[in-house]
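Asker:
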Amino acid sequence: MAAPSPVPASRRTARDLRVGETGTICCLGDPVMALRLLDMGCVPGVTVRLSGRAPFGDPLMLVLGDEEYTLSLRGSEAATILLKD
Amino acid sequence: MADARTIAAAPAAGPGAPEALARPMRIALIGNPNSGKTSLFNQLTGLNQKVGNFPGVTVDRKSGWAQLTPARRAEIVDLPGTYSLYPKSLDERVITDLLYDPSSTSYPDFVVVTVDASNLRRSLLLFSQLADLGLPAILALNMTDVAERHGVHIDLGALAAELGVPVVPMNARSGSGVAALKIVMAERLAAPPVRFWQPDSAVQPLVHRLRAHFQLHSDYLALHYAQQAEYLAFLSAEDRAYVQGLVQEYAFDGTAQQASETIGRYARINEILLETVTVTRTEQREPVSNRIDRVLTHRVFGYLIFLAVLFLLFQAIFAWAQYPMDLIDQGIGALSGWLQSTLPPGPLTRLLTEGVLAGLGGVLIFIPQIALLFAFLAVLEETGYMARVTFLMDKLMRPFGLSGKSVVPLISGLACAVPAIMGARTIESWKDRMITIFVTPLMSCSARIPVFTVLVALVVPDESVGFFNLRGVVLMGLYLLGLFSALGSAWLLKVLLKARERSYFIMEFPVYKWPRWKNVALTIYQKVQAFVWQAGQVIVAISVLLWGLASYGPGQRQDVAEAQVRREAAIHRWTPAELGRQVASARLETSYAGSFGHALEPAIRPLGFDWKIGIALLTSFAAREVFVGTMSTIYSVGQDADMSTVQEKLRAEKDLNGQPFFTPARAFSLLVFYVFAMQCMSTLAVTYRETKSWRWPAAQLVYMTGLAYAASVFVWQIWGS
Chain A
39 MAAPSPVPAS RRTARDLRVG ETGTICCLGD PVMALRLLDM GCVPGVTVRL
89 SGRAPFGDPL MLVLGDEEYT LSLRGSEAAT ILLKD
Chain B
200 MADARTIAAA PAAGPGAPEA LARPMRIALI GNPNSGKTSL FNQLTGLNQK
250 VGNFPGVTVD RKSGWAQLTP ARRAEIVDLP GTYSLYPKSL DERVITDLLY
300 DPSSTSYPDF VVVTVDASNL RRSLLLFSQL ADLGLPAILA LNMTDVAERH
350 GVHIDLGALA AELGVPVVPM NARSGSGVAA LKIVMAERLA APPVRFWQPD
400 SAVQPLVHRL RAHFQLHSDY LALHYAQQAE YLAFLSAEDR AYVQGLVQEY
450 AFDGTAQQAS ETIGRYARIN EILLETVTVT RTEQREPVSN RIDRVLTHRV
500 FGYLIFLAVL FLLFQAIFAW AQYPMDLIDQ GIGALSGWLQ STLPPGPLTR
550 LLTEGVLAGL GGVLIFIPQI ALLFAFLAVL EETGYMARVT FLMDKLMRPF
600 GLSGKSVVPL ISGLACAVPA IMGARTIESW KDRMITIFVT PLMSCSARIP
650 VFTVLVALVV PDESVGFFNL RGVVLMGLYL LGLFSALGSA WLLKVLLKAR
700 ERSYFIMEFP VYKWPRWKNV ALTIYQKVQA FVWQAGQVIV AISVLLWGLA
750 SYGPGQRQDV AEAQVRREAA IHRWTPAELG RQVASARLET SYAGSFGHAL
800 EPAIRPLGFD WKIGIALLTS FAAREVFVGT MSTIYSVGQD ADMSTVQEKL
850 RAEKDLNGQP FFTPARAFSL LVFYVFAMQC MSTLAVTYRE TKSWRWPAAQ
900 LVYMTGLAYA ASVFVWQIWG S
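Those protein sequence lines, which keep their order, are chains A and B.
Going by the numbering used here, the first sequence opens with residue 39, and the numbers climb by one from there.
Going by the numbering used here, the second sequence opens with residue 200, and the numbers climb by one from there.
1. According to DSSP, is Gly-255 (chain B) helix, strand or coil?
2. Please name the residues in the region 271-297 of chain B whose beta-carbon is closer than 8 Å to at least one beta-carbon of chain A, in chain order.
3. Can you tell me where the beta strand (DSSP E) with Met-524 (chain B) in it begins and where it stops?
4. Could you check the C-alpha separation between Tyr-419 (chain B) and Leu-332 (chain B) for me, to the nearest Å?
5. Give me, in chain order, the residues of the same chain whose beta-carbon lies closer than 8 Å to that of Glu-59 (chain A); leave out the 5 immediate sequence neighbours on both sides.
6. Counting only beta-carbon separations shorter than 8 Å, does Pro-486 (chain B) have a partner in chain A?
7. By the DSSP assignment, the beta strand (DSSP E) with Trp-264 (chain B) in it spans what residues?
8. Would a C-beta distance cut-off of 8 Å place Ala-515 (chain B) and Phe-433 (chain B) closer than the cut-off?
9. Are the CB atoms of Thr-118 (chain A) and Gly-103 (chain A) nearer to each other than 8 Å?
10. From what residue to what residue does the beta strand (DSSP E) around Thr-62 (chain A) run?
11. With a CB to CB cut of under 7 Å and the five nearest residues on each side skipped, what residues in its chain are close to Pro-368 (chain B)?
12. What is the DSSP secondary structure of Asn-241 (chain B), reduced to helix, strand or coil?
13. Based on DSSP bridge pairs, tell me the residues matched to Thr-313 (chain B).
14. Name the one or two DSSP bridge partners that Phe-708 (chain B) has.
15. So with CB distances below 9 Å, who are the chain A contacts of Ala-458 (chain B)?
16. For Glu-889 (chain B) and Leu-900 (chain B), I'd like the C-alpha separation in whole angstroms.
17. Where Val-57 (chain A) and Ser-114 (chain A) are concerned, what is the direct C-alpha to C-alpha distance, given to the nearest angstrom?
18. With DSSP as the reference, please indicate the residues paired to Ala-273 (chain B) in a beta bridge.
19. Measure from the C-beta of Asp-399 (chain B) to each C-beta in chain A and report whether the shortest distance is under 8 Å.
20. Between the region 83-112 of chain A and chain B, which residues of the former have CB atoms less than 8 Å from a CB of the latter, in chain order?
21. Are at least three pairs of beta-carbons, each pair with one atom in the region 700-720 of chain B and one in the region 612-620 of chain B, less than 8 Å apart?
22. DSSP three-state label for Ala-840 (chain B), please.
23. For Glu-361 (chain B), I'd like the list of residues in its chain whose CB is within less than 8 Å of its CB, leaving aside the five on either flank, ordered along the chain.
24. Quick one: what's Leu-121 (chain A) bridged to in DSSP?
25. Rounded to whole angstroms, what's the CA-CA distance from Ala-785 (chain B) to Gln-725 (chain B)? Just pull it up for me.
26. How is Met-877 (chain B) classed by DSSP in three states: helix, strand or coil?
27. Checking 8 Å against the spacing of the C-beta atoms, do Leu-329 (chain B) and Ile-468 (chain B) come in under that value?
28. Helix or strand or just coil, what does DSSP make of Pro-567 (chain B)?
29. Contact criterion: CB-CB distance below 8 Å. Does Lys-712 (chain B) meet it with respect to chain A?
30. With DSSP collapsed to three states, give me the class of Pro-301 (chain B).
31. Out of B:Leu-691, B:Phe-565, B:Glu-581 and B:Leu-654, which one is the CA nearest neighbour of Glu-824 (chain B)?
32. Listing by chain order, which chain A residues have their CB less than 8 Å from the CB of Arg-492 (chain B)?
33. What does the alpha-carbon distance come out to for the pair Ala-40 (chain A) and Thr-454 (chain B)?
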């Protein structure tokens with residue numbers, strides 16, 4: 039397996055969204071995590087909305103795309119979903 | 200609704216050759232999690248299912264029989280829900296093991312792909328992979344009504360033409376469309392002629408060599424051999440080495456290829472959706488599910504509701520279940536009394552009442568609790584609430600080396616550790632999964648309930664403390680003791696174990712739904728049936744064996760002991776009743792069972808146990824629920840017939856000074872022992888099977904028995920002596 043490529047720190051990620059805010063996936067920062075996220079429908083170009091956080095701030099609830107389904111994932115995983123500016 | 204005309208037949212798929220009638224067809228059901236697959240499976244097979252996830256039975260997949268047409272039956276294999284053909288958990292490896300070995304005798308004739316119509320894009324990813332494997336398929340389009348209501352219109356004819364397979368609209372919950380689906384399933388299908396994605400030309404040489412070597416019928420299958428050879432259980436070591444050699448020779452990058460494949464597939468799927476789906480959004484209204492989530496995953500209410508659910512669960516198991524349990528207990532007692540008064544006295548009658556019936560009563564009495572527990576778990580799973588529980592608990596579980604997904608096995612462990620440990624397969628990370636498997640048996644399973652209830656009722660008065668019943672509070676305490684020991688052990692393991700891979704947690708939230716009572720009823724039926732048959736056989740067999748061992752002894756020792764008692768009776772002027780008890784007790788003590796118990800006594804005396812408890816400990820090693828039956832049998836032998844319940848028998852037991860034998864200290868020492876001890880062969884067997892190593896079950900056995908012994912000694916030494 040390829041080593042995870044570094045995520046540019048300046049980039050906004052799904053973790054940086056405020057609750058209720060929407061962004062569009064630009065690319066996936068971590069190759070291994072990307073495979074799982076792609077299978078679950080996190081494809082570049084799809085919109086994501088942060089719909090909530092678990093009580094202690096983690097995991098997050100992301101609503102995906104126009105088909106509207108909810109994924110739950112940890113903040114560290116959401117941080118590999120890079121958003122378009 | 201179940202109208203065959205609504206089926207959109209694909210151009211390429213038609214009725215097949217009639218000669219195939221000879222062998223029943225095998226059809227695999229596959230689909231995304233929450234796509235309605237299990238409901239469809241239940242609709243197709245009803246009570247015709249084989250599941251044996253109870254003591255020791257190897258079960259990796261459910262299967263059942265469906266009568267498709269009056270003349271045609273088919274075996275339906277239910278596969279775990281998955282998002283793609285690249286498995287992430289052990290659970291999903293079942294799929295690759297079944298679908299990647301065309302030469303296997305259990306290879307399916309075709310697959311039915313269940314698809315959530317409101318989530319078509321992601322569902323088609325899995326479908327397109329199956330099609331490229333060269334598997335004949337039917338698309339069962341579920342929940343079209345819901346999609347339609349949300350303004351999503353799907354052109355079924357166009358979709359079938361694009362995909363090259365029959366598309367059948369249906370509703371797995373209501374069952375509409377299932378009749379039509381059966382008609383299509385009864386036909387022999389050809390592999391879809393459409394290819395959705397081709398491997399890059401750079402990997403073609405590798406693909407060609409793999410296809411030639413394994414004689415595979417599709418490029419895509421060959422590609423998966425290159426990707427997953429090390430996990431494919433049916434490949435020999437040489438085959439795996441061959442594939443790995445080729446992978447190195449061609450410098451094949453699995454990760455990069457899988458990523459480009461998935462992106463490529465989505466591109467093609469988007470084109471198909473553009474042709475076949477029109478969306479007319481009326482208004483952007485927030486789905487009801489999201490609004491429910493705002494309450495159920497709220498930082499305060501979320502936990503309060505979860506606690507309330509757990510409280511309700513305990514209330515159901517301990518309070519509501521009591522009424523049917525009392526009925527069963529009295530029924531068995533009445534039957535036993537009736538038999539004793541009608542049948543001629545003799546060894547055969549005693550075998551029937553003290554052996555068989557005592558054992559049977561010990562099995563049947565659990566049915567209400569087991570049924571209620573599994574009903575609860577099934578409803579929590581069905582409604583989608585369980586996924587929210589894992590979400591709420593993830594952060595709380597992580598300090599202990601567990602993940603949110605560990606909560607489901609831990610809660611299921613309250614019912615039975617065997618399916619719970621198998622449930623840990625959904626945990627992707629190796630370390631999280633091993634820790635979960637290791638600590639799950641510490642959760643107090645339903646087999647401990649009878650031990651708990653009998654002993655607690657014996658020594659804890661039936662009084663109230665504030666709102667709560669004192670016995671209920673003590674029971675709750677025992678459960679919490681199990682929970683905290685599980686968490687503590689998990690933390691210990693987290694420190695000891697070296698992680699091989701990172702832990703992660705990505706999960707879809709199913710939309711909230713009302714539970715399908717038919718599915719719940721089916722779950723209850725299967726669990727109760729499995730329990731009565733599998734555990735029941737063991738328990739009754741052990742009861743009968745024990746009765747024999749407790750009734751007979753080596754040589755003349757029993758007769759000698761009896762003669763001794765009769766001589767003493769003359770001196771002490773015992774009443775006939777007292778004489779009867781003393782004789783029975785002397786005979787039991789010199790029986791085979793008594794000898795075993797005595798041999799064990801030195802080891803368990805520091806715990807406050809005597810030889811009678813020793814016998815019960817030994818026999819309940821196979822399964823805890825044997826304990827009550829054993830106690831009942833040991834204390835039945837020769838006792839007054841009117842003492843029907845175990846509690847009465849135990850209460851009547853006196854120590855050497857004539858004081859009640861079961862003091863609170865002794866009962867709690869025994870209770871604590873049962874909280875911790877690993878007394879379940881089935882759990883050890885399933886741990887071995889799930890971890891593929893004897894190290895784990897051996898460690899569980901030593902660790903838990905050690906913990907039980909130490910805790911028991913502690914209680915008895917501090918409180919009892």
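Every residue, glycine too, gets a C-beta built ideally from N, C-alpha and C.
A quick note: this is a predicted structure, and the numbers were derived from the prediction, not measured.
Answerer: Quick look at the numbers:
1. Unreliable placement is indicated for Gly-255 (chain B), whose pLDDT of 30 sits below 50; no coordinate value is reported for it.
2. Tyr-282, Ser-283, Tyr-285 and Lys-287
3. Counting along the chain, Met-524 (chain B) falls outside any beta strand (DSSP E), though it belongs to the alpha helix (DSSP H) covering 521-541.
4. 5 Å
5. Arg-87 and Leu-88
6. yes
7. 261-268
8. no
9. no
10. 60-66
11. Thr-205, Leu-340, Thr-343, Leu-355 and Gly-376
12. helix
13. B:Gly-230 and B:Ala-339
14. A:Thr-108
15. Leu-66, Pro-69, Ala-72, Leu-73 and Leu-76
16. 16 Å
17. 17 Å
18. B:Met-224 and B:Ala-265
19. no
20. Ser-89, Gly-90, Ala-92, Pro-93, Phe-94, Gly-95, Asp-96, Pro-97, Met-99, Val-101, Gly-103, Asp-104, Glu-105, Glu-106, Tyr-107, Thr-108, Leu-109, Ser-110, Leu-111 and Arg-112
21. no
22. Per-residue confidence for Ala-840 (chain B) stands at a pLDDT of 47, beneath the threshold of 50, marking its modelled position as unreliable; the derived number appears in the next sentence. Ala-840 (chain B): coil per DSSP, three-state reduction.
23. Val-393, Ile-471, Glu-474 and Thr-475
24. A:Ile-63
25. 44 Å
26. coil
27. no
28. helix
29. no
30. coil
31. B:Phe-565
32. Checking the sequence, you will find Asp at residue 492 (chain B) rather than Arg. Near Asp-492 (chain B) (Cβ distances below 8 Å), the residues of chain A are Ser-89, Gly-90, Met-99 and Thr-108.
33. Model confidence at Ala-40 (chain A) stands at a pLDDT of 44, short of 50, so the residue's coordinates are unreliable; what they give is reported in the following sentence. Each residue's Cα considered, the two are about 7 Å apart.
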